[in-house]
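Visitor:
There are 2 protein chains.
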Amino acid sequence: MSPAEGQKVVALQSLSSRTGDRSPRRAGARSGKASITLKDVAAAVGISQSAVSMALADHPRIGQARKDAVRSAVAELGYVPNSAGRALRSGRSASIAIVVPNTGQHVFGHPYFMHLLVGITAEANARDVAVMMSTNPDETHGVAAYERVLRSQAASGAIIASASITDLNVNRMLDAAMPVVLIGRFPHQPGAVSVGVDDVAGAGAITRHLIDAHGLRRIAHISGPLDHQTAIDRYEGFCTALAESDQPCTHALAVGDFSEESGRAAARQVLDSMSDVQAIFAANDEMAYGALLELRARRLKVPEDLALAGYDDFGVSRLTTPGITTVHVPAEDLGRRAAALLFDLVGGVVPHPTHTVLPVDITMRDSCGPHPD
Amino acid sequence: MSPAEGQKVVALQSLSSRTGDRSPRRAGARSGKASITLKDVAAAVGISQSAVSMALADHPRIGQARKDAVRSAVAELGYVPNSAGRALRSGRSASIAIVVPNTGQHVFGHPYFMHLLVGITAEANARDVAVMMSTNPDETHGVAAYERVLRSQAASGAIIASASITDLNVNRMLDAAMPVVLIGRFPHQPGAVSVGVDDVAGAGAITRHLIDAHGLRRIAHISGPLDHQTAIDRYEGFCTALAESDQPCTHALAVGDFSEESGRAAARQVLDSMSDVQAIFAANDEMAYGALLELRARRLKVPEDLALAGYDDFGVSRLTTPGITTVHVPAEDLGRRAAALLFDLVGGVVPHPTHTVLPVDITMRDSCGPHPD
DNA sequence: TTCATCTGCTGAAACGTTGAACTAGCCGGC
DNA sequence: GCCGGCTAGTTCAACGTTTCAGCAGATGAA
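Here the protein sequences come in this chain order: W and A.
Just so you know, we're using numbering that gives the first Met the number 0 here: the first sequence kicks off at 0 and counts up by one.
Just so you know, we're using numbering that gives the first Met the number 0 here: the second sequence kicks off at 0 and counts up by one.
1) Hey, how far is the Cα of W/Pro-59 from the Cα of A/Ala-50?
2) Give the residues from the segment 282 to 293 of chain A that approach chain W closer than 8 Å (Cβ to any Cβ), ordered along the chain.
3) When the Cα of W/Ala-338 is compared with those of W/Arg-65, W/Ser-155, W/Val-269 and W/Phe-257, which residue comes out closest?
4) Across the segment 207 to 220 of chain A and the segment 163 to 178 of chain A, are there enough close Cβ pairs to call them in contact, namely three or more that are closer than 8 Å?
5) Which residue comes first and which comes last in the alpha helix (DSSP H) that contains W/Phe-237?
6) Determine, using beta carbons only, whether W/Ala-153 comes closer than 8 Å to chain A.
7) Using 8 Å as the limit for Cβ to Cβ distance, is A/Thr-139 near chain W?
8) May I have the straight-line CA-CA distance separating A/Ala-160 from W/Ile-35, to the nearest angstrom?
9) At the 8 Å Cβ level, is W/Arg-150 part of the contact set with chain A, yes or no?
10) Which stretch, first to last residue, makes up the alpha helix (DSSP H) that contains A/His-114?
11) Taking W/Thr-324 as the query, report the chain A residues whose CB atoms sit under 7 Å from its CB, ordered along the chain.
12) Would you mind working out which of W/His-187, W/Arg-263, W/Gly-223 and W/Arg-147 sits nearest W/Phe-257, comparing C-alpha positions?
13) Determine the extent of the alpha helix (DSSP H) in which W/Ala-96 is found, giving its start and end residues.
14) Rounded to the nearest angstrom, what separates A/Arg-147 and W/His-114 at their Cα positions?
15) Which of the residues in the segment 75 to 98 of chain W, read from start to end, lie with their CB under 7 Å from any CB of chain A?
16) Starting from W/Leu-307 and walking both ways along the beta strand (DSSP E), at which residues does that stretch end?
17) I want to verify the contact list: residues of chain W whose CB lies under 9 Å from the CB of A/Val-315, in sequence order.
18) Between which two residues does the beta strand (DSSP E) carrying W/Val-328 extend?
19) Any contact of the segment 223 to 238 of chain A with the segment 202 to 215 of chain A, i.e. 3+ C-beta pairs under 8 Å?
20) Just to confirm before moving on: does the CB-CB distance between A/Thr-320 and A/Thr-362 stay below 8 Å?
21) Comparing the C-beta of A/Met-363 with each C-beta of chain W, is any distance below 8 Å?
22) Return no unless some Cβ of chain A is closer than 8 Å to the Cβ of W/Arg-169.
23) Using only alpha-carbon positions, find the residue among A/Pro-100, A/Ser-94, A/Leu-333 and A/Gln-152 that is nearest to A/Ala-125.
24) Please report the distance separating the alpha-carbon of W/Val-315 from that of A/Ala-296.
25) Interface residues of chain W around A/Ser-133 at Cβ under 9 Å?
26) Between A/Gly-77, A/Ser-163, A/Val-194 and A/Val-276, which lies nearest to A/Gln-228 when the distance is taken from Cα to Cα?
27) Roughly how many angstroms lie between the CA atoms of W/Val-40 and A/Asn-168, to the nearest whole one?
28) Once you ignore the five residues that flank A/Val-196 on each side, which residues in its own chain have a CB closer than 6 Å to its CB?
29) If the cut-off is 8 Å on Cβ atoms, which residues from the segment 222 to 249 of chain W count as contacting chain A, listed in chain order?
30) Is there at least one Cβ from chain W nearer than 8 Å to A/Pro-110's Cβ?
31) Look up W/Met-132 in the DSSP assignment and give the residues it is bridged to.
32) Taking Cβ positions only, does A/Ser-34 come closer than 8 Å to chain W?
33) Comparing alpha-carbon positions, which option in A/Ser-193, A/Arg-91, A/Leu-76 and A/Ala-123 lies nearest A/Gln-152?
34) Alpha carbon to alpha carbon, what distance is there between A/Arg-207 and A/Ile-279?
35) Could you check how far apart the C-beta atoms of A/Leu-299 and A/Leu-305 are, in whole angstroms? I think they sit under 8 Å.
36) Quick check on this structure: which residue in W/Ser-133, W/Cys-367 and W/Val-179 has the alpha carbon closest to the alpha carbon of W/Ala-212?
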């Protein structure tokens with residue numbers, strides 16, 4: 000294929016040429032399949048377009064008899080309102096965007112996103128609203144792909160997932176006064192509406208689990224990239240739990256990037272530099288799995304030789320042997336709530352409070368040792 | 000909150016400084032206009048709206064000097080074309096829909112879908128086209144949700160994923176002459192454009208692998224629901240391979256629904272009814288994993304006591320212990336091709352041939368025994 | 001009767017974009 | 001002096017929807 004610019008031109012031209020030969024086909028009255036508009040319904044019922052529109056909107060000034068007639072004509076003709084016409088006139092489109100600032104592969108590939116999507120679409124479907132996907136393939140673009148989506152008013156609001164805390168575009172959208180709901184915790188965006196999870200508490204809980212329930216004292220943490228709030232919070236929860244424990248604990252930190260590979264590398268680093276590690280707590284399950292692979296390669300048994308804990312519970316931790324004890328993140332619920340809040344926002348209702356924080360809980364599996372219940 | 004870490008302090012500082020320069024800008028931007036249209040650009044440059052439109056379309060009748068002026072004004076004002084206006088006028092929206100006929104939970108939850116999505120969005124992004132998601136929350140609706148999306152012309156075409164062969168709505172959309180690309184094999188839709196995978200060959204290959212490379216003779220198949228073409232094809236490949244083999248083989252069939260639970264139940268059934276089973280080939284990895292759980296519960300070792308094979312390779316089979324030998328389905332590529340074909344179709348080019356079939360290959364892991372290479 | 005008020009609808013004007021048809025000025029050719 | 005052809009635009013009419021201002025006719029009140 001050619002460079003992106005070439006493709007764009009091709010697309011535009013094919014678009015215009017299609018319109019050219021579309022008219023004759025439509026004029027040819029080909030089985031009358033040209034789409035049905037208000038005008039057609041109006042003609043069928045014998046009233047004006049406006050009356051049809053008002054009847055469908057259940058306007059009180061239209062008589063019941065007419066409304067019934069309109070409705071049956073609509074059903075019979077199969078009329079579906081044209082979304083462009085409606086959006087143009089009313090200034091609001093019947094769709095919301097879900098924005099994933101990172102470049103396609105990485106975040107889409109993550110099951111987190113899938114769960115989010117399930118929740119969001121469920122909520123959107125209930126309101127007959129479509130969901131548009133938007134990634135940012137190219138950060139060097141003048142206007143980010145997703146900003147373009149919003150500013151073109153193709154969507155009337157957006158849910159932004161997994162933005163790093165340094166993402167400028169988030170600010171730009173907030174500045175442009177667009178209805179936006181952030182997923183995650185954004186302590187430095189006090190004005191924004193966000194839905195997140197209590198990562199500090201989750202990480203604290205699982206760390207305490209390692210310390211108190213399993214009596215482990217030498218614990219390493221594999222964190223995510225520290226420009227992600229999620230990674231920061233999980234690390235902080237880990238540190239706080241250690242500091243508040245009445246047991247004397249030793250810890251180490253290795254930084255990963257949430258990928259399995261980086262988890263494995265971080266485990267390598269930890270095992271080489273810290274003696275007698277008793278437990279590894281990774282900031283997500285993929286990195287925990289990476290660590291598990293490294294442990295396996297070194298013939299270290301989990302949980303006999305070393306305990307392992309993860310975070311997320313999006314699927315990985317359930318499948319491994321041993322199953323990884325992890326913090327369950329209710330991603331689907333997150334998505335559902337984010338969507339609900341967005342609809343409030345689009346409707347002009349500013350939710351209160353603006354930050355929703357969902358609790359998390361630990362899913363016990365076998366990677367920390369026998370369940371101490 | 001608690002003792003701050005070195006890295007975290009850095010992050011906080013960089014953030015707060017950005018917040019600082021944001022506030023004044025927001026105050027200024029608030030007073031701005033709702034949104035910038037062609038008219039505003041035209042006024043700024045001092046020419047007519049159409050001239051601006053034509054300049055942006057790189058029309059030859061507009062002089063280079065004007066084009067430059069228009070472009071800089073666009074950049075300065077931050078003009079973004081209104082998608083509704085454009086769609087209304089040109090009769091085509093700059094987005095495609097991806098349609099998942101099944102109800103949200105089930106198919107969205109499947110990693111197959113995620114891979115598809117990666118491929119589709121990659122291709123769509125390259126053309127500056129948005130992707131809309133559409134599921135069918137309620138089959139009793141008069142018009143299916145996704146049909147509504149298409150008929151409202153919110154999307155100019157659709158990719159339909161994982162429809163059962165009995166899905167009526169597919170026919171309705173094809174009849175309505177909408178640009179539609181089906182993912183999967185649809186032998187009963189000769190006129191439709193589809194992208195699929197050679198499941199018969201894939202299942203045949205892995206069955207032969209069990210027979211020829213591992214010398215297994217008593218093989219059970221756990222199929223998917225037999226109203227899905229995928230399930231039919233994989234079963235057929237299995238049978239054909241057995242029939243064509245010069246070895247005398249015995250086989251059994253249990254039908255599942257592609258879920259882990261059904262795989263486990265099917266394995267139970269097979270193990271209870273067929274004596275001396277040597278291998279189980281499941282029609283997807285989730286069912287294979289279910290079978291693995293059942294085998295584990297019966298203290299049967301894989302691969303020592305029984306070989307296991309799956310299909311899909313979307314993640315599950317890589318994570319289990321032992322890793323499951325499976326047929327790799329290039330879902331991302333499938334998505335990419337489907338999108339490319341859809342753009343052809345929307346552009347008026349009917350692809351030739353209409354059915355694309357991608358090859359599959361076997362990913363060897365440890366569930367069948369030592370690699371015989 | 002006349003005025004006010006309601007009911008049930010119609011007509012027309014937007015919304016932002018595009019492209020065909022037109023124009024104004026200018027040049028060359030006969 | 002007229003025609004054709006060029007350049008660099010402008011004007012205008014759509015696309016399908018919603019909504020606001022009318023406007024007949026009916027009803028009621030004075």
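Backbone N, C-alpha and C define an ideal beta-carbon position, used for all residues, glycine too.
Everything numeric in this text was worked out from a predicted model, so none of it was measured.
Guide: The answer reads as follows:
1) Here residue 59 of chain W is taken as the residue at index 60 of the first sequence, counted from 1. Here residue 50 of chain A is taken as the residue at index 51 of the second sequence, counted from 1. Between W/Pro-59 and A/Ala-50, the C-alpha separation is close to 44 Å.
2) Correct list: Tyr-288.
3) Position 339 of the first sequence, counted from the first residue, corresponds to residue 338 of chain W. Nearest of W/Arg-65, W/Ser-155, W/Val-269 and W/Phe-257 to W/Ala-338, Cα basis: W/Ser-155.
4) As far as the Cβ criterion goes, the segment 207 to 220 of chain A does not touch the segment 163 to 178 of chain A, which means the pair count is below three.
5) Against the first sequence, residue 237 of chain W aligns to sequence position 238. Per DSSP, W/Phe-237 is one residue of the alpha helix (DSSP H) stretching across 228 to 243.
6) As a first step, residue 153 of chain W is located in the first sequence; it is residue number 154 there, counting from the start. Yes, because at least one Cβ of chain A sits closer than 8 Å to the Cβ of W/Ala-153.
7) Translated into the one-based positions of the second sequence, residue 139 of chain A becomes position 140. Caution is warranted here: a pLDDT of 46 is assigned to A/Thr-139, below 50, making its placement in the model unreliable, and no coordinate value can be reported.
8) Along the second sequence, read from residue 1 onward, the residue named residue 160 of chain A stands at position 161. Along the first sequence, read from residue 1 onward, the residue named residue 35 of chain W stands at position 36. Roughly 27 Å between the two C-alpha positions.
9) What you label residue 150 of chain W is simply residue 151 of the first sequence in a count that begins at 1. True, the Cβ-Cβ gap to chain A drops below 8 Å.
10) In the second sequence, the residue the question calls residue 114 of chain A occupies position 115. Where A/His-114 is concerned, the enclosing alpha helix (DSSP H) stretches over 110 to 125.
11) Numbered from 1 along the first sequence, position 325 holds the residue referred to as residue 324 of chain W. Per Cβ cutoff of 7 Å: no residues; W/Thr-324 is ~16 Å from chain A at best.
12) One-based indexing of the first sequence puts residue 257 of chain W at position 258. For W/Phe-257, the nearest C-alpha among the options comes from W/Gly-223.
13) Taking the first residue of the first sequence as 1, we reach residue 96 of chain W at position 97. For W/Ala-96, there is no enclosing alpha helix (DSSP H); the residue is found in the beta strand (DSSP E) stretching over 94 to 99.
14) For the purposes of this step, residue 147 of chain A is taken as residue 148 along the second sequence, with counting starting at 1. For the purposes of this step, residue 114 of chain W is taken as residue 115 along the first sequence, with counting starting at 1. For A/Arg-147 and W/His-114, the gap between their C-alpha atoms comes out near 25 Å.
15) Taken in chain order, the members of the segment 75 to 98 of chain W whose beta-carbon sits within less than 7 Å of a beta-carbon on chain A are Val-79, Pro-80, Asn-81, Ser-82, Ala-83, Gly-84, Ala-86, Leu-87, Ser-92 and Ser-94.
16) Indexing the first sequence from 1 puts residue 307 of chain W at position 308. Looking at the DSSP string, the run of the beta strand (DSSP E) that includes W/Leu-307 is 306 to 308.
17) Along the second sequence, read from residue 1 onward, the residue named residue 315 of chain A stands at position 316. Going along chain W in sequence order, the residues near A/Val-315 (Cβ under 9 Å) are Gly-314 and Leu-318.
18) In the first sequence, the residue the question calls residue 328 of chain W occupies position 329. According to the DSSP assignment, W/Val-328 belongs to no beta strand (DSSP E), since it is labelled neither H nor E.
19) Because the criterion of three Cβ pairs below 8 Å is met, the segment 223 to 238 of chain A and the segment 202 to 215 of chain A touch.
20) Counting from one through the second sequence, the residue named residue 320 of chain A turns up at place 321. Counting from one through the second sequence, the residue named residue 362 of chain A turns up at place 363. One thing to note: A/Thr-320 has its Cβ no nearer than 8 Å to the Cβ of A/Thr-362.
21) Here the question's residue 363 of chain A lines up with position 364 in the second sequence. With a threshold of 8 Å between beta carbons, A/Met-363 makes no contact with chain W.
22) Here residue 169 of chain W refers to the residue found at position 170 of the first sequence. Here residue 169 of chain W is Val; the residue named in the question, Arg, does not match the sequence. No, W/Val-169 does not count as interfacial toward chain A.
23) To locate residue 125 of chain A, count along the second sequence from 1; it is residue 126. In terms of CA proximity to A/Ala-125, A/Ser-94 leads the group A/Pro-100, A/Ser-94, A/Leu-333 and A/Gln-152.
24) On the first sequence, position 316 is the one that residue 315 of chain W refers to. On the second sequence, position 297 is the one that residue 296 of chain A refers to. W/Val-315 and A/Ala-296: Cα-Cα distance of roughly 20 Å.
25) The count along the second sequence starts at 1 and reaches residue 133 of chain A at position 134. The answer, in chain order, is Thr-120, Asn-124, Ala-129 and Val-130.
26) Counting from one through the second sequence, the residue named residue 228 of chain A turns up at place 229. Check the Cα spacing between A/Gln-228 and each of A/Gly-77, A/Ser-163, A/Val-194 and A/Val-276: the tightest is with A/Ser-163.
27) Translated into the one-based positions of the first sequence, residue 40 of chain W becomes position 41. Translated into the one-based positions of the second sequence, residue 168 of chain A becomes position 169. If I take the Cα positions, the gap works out to 24 Å.
28) Working through the second sequence from its first residue, we reach residue 196 of chain A at position 197. For A/Val-196, where only same-chain residues beyond five positions count, the Cβ hits under 6 Å are Val-328, Leu-357 and Val-359.
29) Those residues of the segment 222 to 249 of chain W placed with their C-beta closer than 8 Å to a C-beta in chain A are Leu-225, Asp-226, Ile-231, Tyr-234, Glu-235, Cys-238, Thr-239 and Ala-242, ordered along the chain.
30) The residue you call residue 110 of chain A lines up with position 111 of the second sequence. Interface criterion met: the Cβ of A/Pro-110 is under 8 Å from a Cβ in chain W.
31) As a first step, residue 132 of chain W must be located in the first sequence, where it is residue number 133. Looking at the DSSP assignment, W/Met-132 forms a beta bridge with W/Ile-97 and A/Val-130.
32) As a working mapping, residue 34 of chain A is identified with position 35 in the second sequence. Yes, A/Ser-34 lies at the interface with chain W (some Cβ there is under 8 Å from its Cβ).
33) Here residue 152 of chain A refers to the residue found at position 153 of the second sequence. With distances taken between Cα atoms, A/Gln-152 lies closest to A/Arg-91.
34) On the second sequence, position 280 is the one that residue 279 of chain A refers to. On the second sequence, position 208 is the one that residue 207 of chain A refers to. The straight-line gap from Cα to Cα measures roughly 13 Å.
35) What you label residue 299 of chain A is simply residue 300 of the second sequence in a count that begins at 1. What you label residue 305 of chain A is simply residue 306 of the second sequence in a count that begins at 1. In this structure, A/Leu-299 and A/Leu-305 form a Cβ contact; the two beta carbons are roughly 5 Å apart against a cut-off of 8 Å.
36) Here residue 212 of chain W is taken as the residue at index 213 of the first sequence, counted from 1. Of the residues W/Ser-133, W/Cys-367 and W/Val-179, the one whose Cα lies closest to the Cα of W/Ala-212 is W/Cys-367.
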